[in-house]
Amino acid sequence: MTSDESGRSLSRRGLIGLAGAGAAGLALGGAGGAVIAANVAGAAASNGVGTVHAFHGEHQAGISTPAQDRLHFAVFDVDSTASRDDLIQLLKDWTAAAARMTAGEEVGGGADGSPLAPPDDTGEALGLPASALTLTFGFGPALFETADGDDRFGLADRRPPELTALPRFRGDALVEQLTGGDLCIQACADDPQVAVHAIRNLSRIAFGTASLRWSQLGFGRTSSTSTSQATPRNLFGFKDGTANVKAEEQKALDEQVWVGAEQGPTWMVGGSYLVARKIRMVIESWDRTRLEEQERVIGRSKGEGAPLSGGTEFTEPDFHTTGATDAPLIDRDAHVRLAHPDLNDGIRLLRRGYNYVDGNDSLGRLDAGLFFLSYQSSPERFVTVQRSLANDALNEYLKHVGSAVFAIPRGIATGSWIGRELFR
Amino acid sequence: MSARLRPIAAVAAIGVVALALAGCVPNPRATGASTALDVKVADDSCEVSASTAKSGTVTFRIANTGTDVNEFEILADDKLRIVGEKENITPGQTVSYVAQLNPGTYYTACKFQQVGQPVGLASFTVSGEEIESDASEKKQISAAVTNYVAYIKSQVGALVPATKAFTDAYRNGDDATARTLFASTRVAYERIEPTAEAFGDLDPKIDYREVDADAEGLDWTGFHRIEKDLWPPAAGDKNSDGTDALAGWAASTPAERAQFADGLVADVAQLSELVNAKDFTVGIADISNGAIGLLDEVATGKIEGEEDWWSHTDLTDFAANVEGAHVAYGIVRDIAKNKDADGAKLVKTIDARFDDLEAELAKYGSIDGGFTPYDEVTDSQRKELSDAVNALGKPLSQLTHTVLGVKKA
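Just so you know, the protein sequences line up as chains A and B, in that order.
Counting in our numbering, the final residue of the first sequence is number 884, and the numbers go up one at a time with none missing.
Counting in our numbering, the final residue of the second sequence is number 425, and the numbers go up one at a time with none missing.
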């Protein structure tokens, strides 16, 4: 799927040639070297600034792709004046621009052109390599039918039954401006300027058809999606995502993440469902909490990330072994216990979240937390896990302020456009 | 703020202006019917012998029976854009003016002493087939410039007496009347704001907000100075930059009121003098960039409600900016449309987006009937307005390139 791309310039600098496109998919990401990583499961590659992830494929890139360092996530509402044809044209235009940007190329005619008109590309990514950019597109429930029952685009009968607004959870303090939306784009890259450039240009293309409803910058991936990556830490200072679904686990991906042929509908086969949650952390209280309590709440040690039942980071937690007081070593309301597949019908989510800091609030507290992103074959799987977290000891330090769910259509074939099968 | 117009000194086109064949491109080879009508012009009336005509050549025989100089105008259906005009018709004179008119709704009017509001505004319907004009693009551009200059003069012509009435009420302490006149007086100015901004120090004197005058160390004068007297802040109110509204400010004394009123009248008079100067003209790019500039005024100033901080009449300014942009666009529209298929497609998009934006604005009122105070427009409503502005701004940004069609090598 990548050999046809080997002759193209892969970088806005145009200096990176490809040595052996046949090596696509192997983890050859190295300093200065360009690697095309095929976005098929099991073919993950580590990222590097020169990495180019294939835009076309069976699945959309940006899900099982090794998690990049930076995020710009954007949610759009389609304008009240836009028609079904306008929406289709937008998806075509987005597809064309996304294919170019993920390859490290400029949008349209680039940042040059007629002196009497604004250029097609805004220019701030000129000279920057592709930086492992992925752009992942999704459709919210309201696109199919609004809460008032308005079938704006003739899609109401195409809505997958799984795709409904999430129920209310304990601890929700949702802000309307950070919730819901018609369309989403997840831009991930190893350079924040490349991710921002992508969202900015896609927003610009959307003017007249869709406008930004909310958006979020993230830094510091909080999950690994490949065994080649070290486990990162969230803003609580703990390793996060040790037991995440990884790109190398083909079986787990098929069972837990991708929508299968028997599940359908056709346009979703090979796709997934994305849940986005903006989770504010009460950082100041957490930072005043003694280490023993922090570790009890999480259920892991802070330094190594090992379960409190013993071992090292990747040792399976033992929820039964008790300590001196006959209480289990991993507390009954520890986060690691309540989130574990053993307590959730074997459900594992592919998490792809990022830390965020939006400055500070009026009380001088950091406005910071986790921008949680998880991919699963049905939103119901997230709901199950989130419900079992209702009594999580961690909740004392969390506030869920934003929430949305999106259908992530299957990957885009060369020459096609995002969601094409949905509009047939 | 926006693209600045450069007043171009004595251009070659001035001969065309002097012929006063403003508007329609005289073109004997054009298709269509030929109609002759009489226009009786008096100081307070303007009667055309018929209110309909067939598309094609329409000759107006204009007789001025009044006591002073007059002018005859043909306006587009927005009652703003000048399609053609005959100026300098002296008392006792009869002149002919020939227009090529396509099917559509127009308005005829006269302008006593060539300033102020149109007199005897009457609708004029042209029916029949679209006429084929073989006028060269050069002629179209020349006519566009002539029409835009005429439009600027007509707006400044309306601004002068409106400013006088407004400042008279303010000067005399009739604040209730002045408050009702504030928004409507500004309309003519907001429609042509980029032109006024082109004259260096005039816009700061006429239209600066307090925070901008402060920041630039200028004496704060003009509309917004008067606005704060008419809607005085209460204790605890903030300026648009969050500073104490009462700090460094006191209600103007009668002497100060007279000073601000005289100043504004004088500045508007100077603007009138400048746009009526013999060598005043604009470039074709200034017209299309002016349309873009007016929309930028909306996108940066009006949409956030910082323009009319005390009166909250922002939507009137907003609507006037949009009207001004629509007129400037309308003047170059056919040039863009006739370029090629892309030009025709662009024009279609811009037409639709203007319609959307104007429909969105109409939800809140009208220039004549007044608008909802902007502090009562919610954030989500403001976003709807902003979305419509962005939707229009995107295709409009391609207008100058399309009109001039300059390709970079």
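Note that the Cβ used here is the ideal one computed from N, Cα and C, for glycine as well.
Excluding the 5 residues preceding and the 5 following residue i in the sequence, name in chain order all residues of the same chain whose CB lies nearer than 6 Å to its CB.
i: A558(A); result: L595
i: T106(B); result: V85
i: L810(A); result: V705, V717 and Y835
i: L486(A); result: In this prediction, L486(A) has a pLDDT of 36, which is less than 50 and means its spatial position is unreliable; what the coordinates show is noted afterwards. So the list is empty, once near-sequence residues are dropped.
i: T624(A); result: P601
i: P44(B); result: Low local confidence applies: a pLDDT of 43 at P44(B) is under 50, so the model's placement there is unreliable, and no value is given.
i: T782(A); result: P788
i: G680(A); result: N815
i: S663(A); result: L672
i: A542(A); result: T669
i: V41(B); result: Confidence at V41(B) is low in this model, with a pLDDT of 46, below 50, so the placement of that residue is unreliable and no value is reported for it.
i: C648(A); result: G522, Q528, L531 and T594
i: G888(A); result: Because chain A is modelled from 461 through 884, residue 888(A) falls outside the range shown and cannot be assessed.
Flag this pair as yes or no: are the beta carbons of residue i and residue j separated by less than 7 Å?
i: S686(A); j: D650(A); result: no
i: C126(B); j: V57(B); result: yes
i: P526(A); j: Q689(A); result: yes
i: F599(A); j: V735(A); result: no
i: F604(A); j: L615(A); result: yes
i: S683(A); j: R812(A); result: yes
i: L887(A); j: T562(A); result: Within the shown structure, residues of chain A are numbered from 461 to 884, placing residue 887(A) beyond reach of any answer.
i: I242(B); j: F276(B); result: yes
i: D407(B); j: G668(A); result: Checking the sequence shown, residue 407(B) turns out to be Ala, not Asp. Yes, the pair counts as a contact, with Cβ atoms nearer than the cut-off.
i: I319(B); j: S382(B); result: no
i: V64(B); j: V74(B); result: no
i: D245(B); j: A267(B); result: yes
i: Q414(B); j: L362(B); result: yes
i: Q710(A); j: G522(A); result: no
i: N292(B); j: E313(B); result: no
i: A459(B); j: P249(B); result: In the structure displayed, chain B extends from 17 to 425; residue 459(B) sits before or after that span and is not available.
i: E881(A); j: T726(A); result: yes
i: A885(A); j: H240(B); result: Lying before the first or after the last residue shown, residue 885(A) is absent from chain A, which here runs from 461 to 884.
i: T51(B); j: D93(B); result: no
So, at 7 Å on beta carbons, what are the nonlocal neighbours of residue i in its own chain, with the 5 sequence-adjacent residues on each side left out?
i: M741(A); result: L695, F696, A828, G829, L830, Y857 and L858
i: A491(A); result: Note on A491(A): pLDDT 35, under 50, position unreliable in the model; the coordinate value appears next. Taken in chain order, the residues that qualify are G508.
i: R660(A); result: T582
i: R369(B); result: A407, L408 and P411
i: Y123(B); result: L91, K95, L137, A138, S139 and F140
i: F883(A); result: I548
i: V203(B); result: T332, A336 and I383
On the premise that residue j lies in contact with residue i, defined as a C-beta separation below 8 Å, what is that separation, rounded to the nearest angstrom?
i: I303(B); j: A160(B); result: 6 Å
i: T183(B); j: L280(B); result: 6 Å
i: A49(B); j: G72(B); result: 4 Å
i: Y733(A); j: S848(A); result: That pair is no contact at about 18 Å.
i: W877(A); j: L551(A); result: 5 Å
i: I347(B); j: N118(B); result: Not confirmed; about 15 Å, so no contact.
i: S142(B); j: C62(B); result: The question names Ser, but residue 142(B) in the sequence shown is Val. Contact doesn't hold; Cβ gap of about 18 Å is too wide.
In chain A, which residues lie less than 7 Å from residue i when you measure between Cβ atoms?
i: H417(B); result: S574, L576 and A577
i: S413(B); result: A577 and P578
i: L420(B); result: L576
i: D403(B); result: D539 and S671
Applying a beta-carbon distance threshold of less than 8 Å, which residues of chain A neighbour residue i?
i: R369(B); result: G668
i: G409(B); result: F667
i: N406(B); result: F667, G668 and S671
In chain A, what lies closer than 9 Å to residue i by C-beta?
i: L310(B); result: Those do not exist, as L310(B) stays about 17 Å from chain A at its closest Cβ, beyond 9 Å.
Can you name the residues of chain B whose CB is closer than 7 Å to the CB of residue i?
i: T541(A); result: D372
Near residue i, which residues of its chain fall below 8 Å by C-beta distance, leaving aside the five closest residues on each side in sequence?
i: V176(B); result: V131, G132, V284, A285 and S288
i: Y186(B); result: A194, I242, D245, L246, R273, F276 and A277
Within the 7 Å Cβ cut-off, does residue i reach chain D?
i: A853(A); result: As a matter of chain content, chain D is missing from the structure shown, whose protein chains are A and B.
- Item | Three-pair Cβ contact test at 8 Å for the segment 742-759 of chain A versus the segment 692-701 of chain A | yes
- Do the segment 870-882 of chain A and the segment 653-664 of chain A touch if we need at least three Cβ pairs shorter than 8 Å? At 8 Å Cβ cutoff, the stretches do not touch.
- Is there contact here, the segment 269-286 of chain B with the segment 153-163 of chain B, by at least three beta-carbon pairs under 8 Å? no
- Query: Using 8 Å as the Cβ pair cut-off and three pairs as the minimum, do the segment 787-799 of chain A and the segment 760-779 of chain A touch?
  - Reply: yes
- Task: Determine contact between the segment 386-398 of chain B and the segment 321-330 of chain B, defined as no fewer than three beta-carbon pairs at a distance below 8 Å.
- Result: They touch, by the three-pair rule.
- Message: Is it the case that the segment 628-637 of chain A contacts the segment 564-583 of chain A, given that we only count it when at least three CB pairs across the two stretches are under 8 Å?
- Response: no
- Message: Across the segment 202-221 of chain B and the segment 257-264 of chain B, are there enough close Cβ pairs to call them in contact, namely three or more that are closer than 8 Å?
- Response: no
- Decide yes or no for the touch test of the segment 309-322 of chain B against the segment 335-342 of chain B: beta carbon pairs closer than 8 Å, at least 3 of them. yes
- Message: I'd like to know if the segment 227-242 of chain B and the segment 206-215 of chain B are in contact, where contact means that at least 3 CB-CB pairs between them fall below 8 Å.
- Response: no
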